Amino acid sequence: MALKKRSKVSAEFSMSSLTDIIFLLLIFFMLTSNFVKIQPFELPESDSKTVAPTSAV
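In our numbering, the protein residues as written are 588 to 644.
The following block contains the structure:
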């Protein structure tokens, strides 16, 4: 009695489906992320109007 050889299942996967998943995840995280708005703030001004001397250290 001759046994039939089983065909081996390929362990490879398509790279195109992997790139589709990566792009979908990228779009998902871009749409669900919160964008931080930078709020301007005012710095206090110095009382003296003299400039500190600049010299090489």
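For every residue, glycine included, the Cβ atom is placed at its ideal position computed from N, Cα and C. This structure is a prediction, so every number in the text was calculated from the model and none was measured.
(request) Measure the alpha-carbon distance for Ser597 versus Asp607 and round it to whole angstroms. (result) Working through the sequence shown from its first residue, we reach residue 597 at position 10. Working through the sequence shown from its first residue, we reach residue 607 at position 20. Whole-angstrom Cα-Cα distance: 21 Å.
(request) Using three-state DSSP, classify Thr533 as helix, strand or coil. (result) Absent from the model: residue 533. The displayed extent of the chain is 588 to 644, so no value can be given.
(request) Grab the span of the alpha helix (DSSP H) containing Phe616 for me, first residue to last. (result) To locate residue 616, count along the sequence shown from 1; it is residue 29. Boundaries of the alpha helix (DSSP H) around Phe616: 602-619.
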